[in-house]
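Reviewing the structure listed below.
Protein chains in written order, with the working numbering: chain A, 1 to 275; chain B, 1 to 275; chain C, 1 to 275; chain D, 1 to 275.
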């Protein structure tokens, strides 16, 4: 995303700030990104460690101090972002703008409202900010291929999920009837939870069929699920192969400029010119 | 499925009803489909919630009233469908005709026969009616590709399932012998249930080998199952790739005979001839 | 496998017997195959049911009588096979000859030697005889594609299994050290059993890490296993695609007679003749 | 890896030693490799068996004697390797040099320092030496295709792992909040362990959601994980297909420029020109 040229040239300072904070092709911009990455990872680590009771009891004070440093840093960064963009409100309401705000809000709120301790866990959402940094990195191309493949197979995956969900509801009801409350299947939603745990081959074992007919039905569901797991894999493989093929060949037709030719194409599929 | 032109033109009312109920390319037809979809989803949700004891105790009366409304609606719809088709008996005996009937029967039967409470769970089969609505939607093409792929790999999957079932029977018998009743493997069918749970990688843990030879045999089975899971995935991937390619374009180049052109191709990618 | 023409023409009776028992392209041969299939499936079902204590106590006598009928039938069939082939010894020592013998031996031995009850479970190996019948059926082609794909990927799968087994041994030793006997990891082989259960994503839960470092190492192993499961799937998919492609195109080169051309081939890859 | 020709010709003995120990194209070299392979496998087996308490109590003395024989053998081999290479230090600091040293160090250290019993488990790393032998074998080509595919998909897999890890952290925090300490989710890291166990479909069941919202969130995560497992499989399949195709043949047709010919192709399949 190069800096958009606009009529009213921005003031020099704001332009410099924007380059440093939002872009990563200058040394300063890259250093800012690396620093931000570390701050995000360390602050999420601090949240994680604070949740462990033994650590909280011993190092709680130090972690809380660290937390306030990070909150201060992120608040400063948020302010600079607001200042450096042309339209602050639009930034503030964008997805990453809200994620940036979420990085500082919970700590501030828990200070003002004493009962909001449970909000603190929201701070792990800071992790999402990592993607803001990665957005600018060289992994973009690879992520793009993955996203293209997933988007192309969206409709197939919806059809597939519909079939899976219907199976889950029906098998949940069947097991509720067959096994019943004494064996833990005390409602249809509970049976559906069991069906999801089984079809996805997770298999906790907290709920397991105990009667002979129940075990037979479960076996059939498992073998079905075994075959069904092949379907999304096949869908994604095929779309990924397509997306890779299109991403690989960078040739543009000399006649009409079309890109995305197959690797073995000799003529443009659109105008027939030699490639 | 456009309305079939027949010799004896149907009466105007019946034709209009048919268009609304069975088709979805008029505004009224689309509105009917959307309404039906909501009624199905809500009525299945009501069945699910009624099975939760806490909810049944508190809101049981409301849910039962709702259930009667839905039953009435579906009965009315079933009547209209019978009236609007040319051959009511053929509709009534078709797959979707029976599914439509199943949506109203359980409630009616549980009213007449007091002992049929257990039939109520059959009402979740109403969910199958969702597919009647979707049949008309744009997802048809995608579902078709999936079904074509599955149908094309039917024979390979049967051979594969045969191999899996034989392994299940033999491993079930082996573990019945090796582990025996004290460790829970008290019959060959129980051993087969364990073999299915293990090979599909579900692994509840309600039955697990406890002796050293049993754990060794189980490890071999797991690594086998690990490799075996690759087979259906491979089958479906290959057939899906084929089905996708064929769905994309059946055209052969008049110049060189090449097939497998992209949908938007105007010229052959190999020799440049017009398609 | 057509009947091999030999110098010394077999007697008429033996030839007819051979046609009925070993082939399936005459009505009598097909009827024999279908009857045999049913006898195999029913006798395996009887073995399975006899292992269930409740059924054995109630119907044990009937099942034992049935077992003797099947043993008699299979013995008669074994005798006829021996008589009808040209070289009985070679048949008796072939794979299917031994499987056929295994179908009658356990019952006979358990009659003669009273202590051999545990041999009875060997009778489920009768199930392998099903493949003798299927060998002649139309599924042969599909099974062939699967076997070709598996054979072609044999070397890759061995390399892969070697990597998996090394990981299993090393992780088993690591967890034996980290978790130790009090948490159930009381030897390296036990740790290896846990590693197999974990890497294959079976996850019984009979052995699970309880210490924090153990849970961390286990998490790493799981995510590794998650990626590793992709490898055999990819291998089989690729080989299956290749085997399918070669099986699909039946064209033989008019110039040199070569088969197995790619679907999009216009010229023979061997001699350059037009296909 | 043929013997590198250098200015100062090595002494005859050292050259012979090098050929035997480091290469495998002479009968002596092959015999050395096979012997080494057996020594490695047997010594790892001895370590494994020694860790089983029942075996240690009964055969401990014999195993310890065996261990000293193997340590002596490996020490002798290490010395010979040091002597036979041109630059001993460079060998000693290479990856396989360190692995070779690790094969003898633990036993020696446990003799000198009585408290180092726990080091003994390090001896299973001897298993890594198997790869030194296999490096020279015919499996190299196959392993190469696998490694090429994995290397080519490295970036995609990193993007994918990043997405998985973010999901793990966020879901771990969510479940810590929703289920809480009484249900076993007593910290965010514990919740992350549960998320890994669930997303990879291992599902031990040592930690499982018990509240209704927790079970609902877990169901969503499982179905997500079910779809996500398709991604690495698709990535590896596509790259493996590419690596296989490229391994098969890099030739381009001089007539039409088509690539991807079969290894045994003599003529281009498209235009018939000689390759």
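Glycine residues also receive a C-beta, built at the ideal position from the N, C-alpha and C atoms.
Can you find a C-beta in chain A that's less than 8 Å from the C-beta of residue i?
{"i": "residue 79 of chain C", "result": "no"}
{"i": "residue 205 of chain C", "result": "yes"}
For residue i, is the classification buried or exposed, using 16 other Cβ atoms within 10 angstroms of its Cβ as the cut-off for buried?
{"i": "residue 242 of chain C", "result": "buried"}
{"i": "residue 201 of chain B", "result": "buried"}
{"i": "residue 210 of chain A", "result": "exposed"}
{"i": "residue 27 of chain B", "result": "exposed"}
{"i": "residue 203 of chain B", "result": "buried"}
{"i": "residue 154 of chain D", "result": "exposed"}
{"i": "residue 177 of chain C", "result": "buried"}
{"i": "residue 53 of chain A", "result": "exposed"}
{"i": "residue 34 of chain B", "result": "exposed"}
{"i": "residue 286 of chain D", "result": "Residue 286 of chain D lies beyond the range of chain D shown here (1 to 275); nothing can be said about it."}
{"i": "residue 234 of chain C", "result": "buried"}
{"i": "residue 15 of chain B", "result": "exposed"}
{"i": "residue 218 of chain B", "result": "buried"}
{"i": "residue 123 of chain B", "result": "buried"}
Spell out whether any CB of chain C is found under 8 Å from the CB atom of residue i.
{"i": "residue 201 of chain B", "result": "yes"}
{"i": "residue 233 of chain A", "result": "yes"}
{"i": "residue 18 of chain D", "result": "no"}
{"i": "residue 277 of chain B", "result": "As shown, chain B starts at 1 and ends at 275. That puts residue 277 of chain B outside it, with no answer to give."}
{"i": "residue 145 of chain D", "result": "yes"}
Here's a check: name, in chain order, each residue in its chain whose Cβ is nearer than 7 Å to the Cβ of residue i, leaving out the five neighbours to either side.
{"i": "residue 169 of chain D", "result": "192"}
{"i": "residue 80 of chain B", "result": "17 and 21"}
{"i": "residue 75 of chain C", "result": "104"}
What in chain A is Cβ-close to residue i, meaning under 7 Å?
{"i": "residue 238 of chain D", "result": "237, 240, 241 and 244"}
{"i": "residue 208 of chain D", "result": "204 and 206"}
Taking Cβ positions only, does residue i come closer than 8 Å to chain B?
{"i": "residue 67 of chain C", "result": "no"}
{"i": "residue 226 of chain A", "result": "yes"}
CB-CB under 8 Å to residue i, same chain, minus the five flanking residues each way: which ones, in chain order?
{"i": "residue 172 of chain D", "result": "188, 189, 190, 191, 192, 193, 194 and 195"}
{"i": "residue 60 of chain A", "result": "50"}
{"i": "residue 78 of chain A", "result": "100, 101, 103 and 104"}
{"i": "residue 129 of chain D", "result": "36, 40, 96, 99, 100 and 103"}
{"i": "residue 175 of chain C", "result": "185, 191, 194, 195, 209, 214, 217 and 218"}
{"i": "residue 30 of chain A", "result": "24"}
Name the chain B residues that come within less than 7 Å of residue i, Cβ to Cβ?
{"i": "residue 198 of chain A", "result": "202"}
Take residue i and list the residues in its own chain whose beta-carbon comes closer than 6 Å to its own, dropping the five residues that flank it on each side.
{"i": "residue 102 of chain B", "result": "125"}
{"i": "residue 183 of chain B", "result": "210"}
{"i": "residue 207 of chain D", "result": "184 and 194"}
Run through chain A and tell me which residues come within less than 8 Å of residue i, C-beta to C-beta.
{"i": "residue 214 of chain C", "result": "Those within 8 Å of residue 214 of chain C in chain A number zero; the least Cβ separation is about 16 Å."}
{"i": "residue 223 of chain D", "result": "161, 164, 196 and 200"}
{"i": "residue 47 of chain B", "result": "173 and 188"}
{"i": "residue 83 of chain B", "result": "Within 8 Å Cβ-Cβ: nothing; residue 83 of chain B doesn't reach chain A, min ~29 Å."}
I want to verify the contact list: residues of chain D whose CB lies under 9 Å from the CB of residue i, in sequence order.
{"i": "residue 186 of chain C", "result": "51, 52 and 53"}
{"i": "residue 193 of chain C", "result": "In chain order: nothing, as chain D lies at least about 12 Å away."}
Taking 8 Å as the CB-CB cut-off, is residue i touching chain D?
{"i": "residue 63 of chain A", "result": "no"}
{"i": "residue 230 of chain C", "result": "yes"}
{"i": "residue 220 of chain A", "result": "no"}
{"i": "residue 121 of chain A", "result": "yes"}
Applying a beta-carbon distance threshold of less than 8 Å, which residues of chain C neighbour residue i?
{"i": "residue 44 of chain D", "result": "169"}
Since residue i meets chain C, which of its residues come closer than 9 Å, beta carbon to beta carbon?
{"i": "residue 124 of chain D", "result": "169, 170, 172, 173, 174 and 188"}
Who are the neighbours of residue i on chain D, taking C-beta pairs under 8 Å?
{"i": "residue 217 of chain A", "result": "Result: empty, since nearest Cβ-Cβ is about 19 Å, beyond 8 Å."}
{"i": "residue 127 of chain A", "result": "166, 169 and 170"}
{"i": "residue 104 of chain A", "result": "Here the premise fails: no neighbours, minimum Cβ distance about 17 Å."}
Given that residue i touches chain C, what residues does it touch there, using C-beta distances under 7 Å?
{"i": "residue 28 of chain B", "result": "Within chain C, no residue comes near residue 28 of chain B; the closest Cβ sits about 47 Å away, beyond 7 Å."}
Below 8 Å, how does it come out for the stretch 16-30 of chain D and the stretch 76-90 of chain D: are there three or more Cβ pairs, yes or no? yes
Quick check: the stretch 63-71 of chain A against the stretch 102-111 of chain A, are there 3 or more CB pairs under 8 Å? yes
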